[in-house]
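Asker: What follows is a structure written as structure tokens; I'll ask about it next.
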């Protein structure tokens, strides 16, 4: 009895289809370092050693720190895990500083592209 040759799958189902059809699925994410076990462990230790928000403490306020922030944005300084560039912040101060950091990063990238073109 003769058998038919196996057909090639013409449709993809499940996750493979999503990965293939979703534009930007494999894009590089700037916050990937924040989702590593190393960062989770180190930031937890740093917050235990520095439990208060540094910015609020400088203003005379006492607020618990919720996040570890890079003093100099890591795209600018280059070393994500340099603990001398970290500070503990509350969520309010982190958002305010993040808005200022966006401008610094944009200016840094703009200057870097200008210097490459020269």
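In the numbering used here, the protein residues as written are -2 to 115. Don't be surprised by glycine CBs; every beta carbon is placed ideally from N, CA and C.
Please report the Cβ distance between residue 87 and residue 50, rounded to the nearest whole angstrom; I am assuming they are in contact, meaning their Cβ atoms lie under 8 Å.
Answerer: 4 Å
Asker: So what does residue 61 bridge to, in DSSP terms?
Answerer: 49
Asker: If the criterion is Cβ atoms closer than 9 Å, does the pair residue 101 and residue 70 meet it?
Answerer: yes
Asker: Hey, residue 98 and residue 83 are a contact pair by Cβ (cut 8 Å); roughly how many whole angstroms apart?
Answerer: Incorrect: roughly 14 Å between the Cβ atoms, too far for contact.
Asker: I need the straight-line Cα distance from residue 55 to residue 31, nearest angstrom please.
Answerer: 26 Å
Asker: Kindly give me the distance between the Cβ atoms of residue 202 and residue 48, rounded to whole angstroms, as I take these residues to be in contact under 8 Å.
Answerer: Lying before the first or after the last residue shown, residue 202 is absent from the chain, which here runs from -2 to 115.
Asker: Tell me, please, which residues DSSP counts as bridged to residue 83.
Answerer: Answer is 67, bridged to residue 83.
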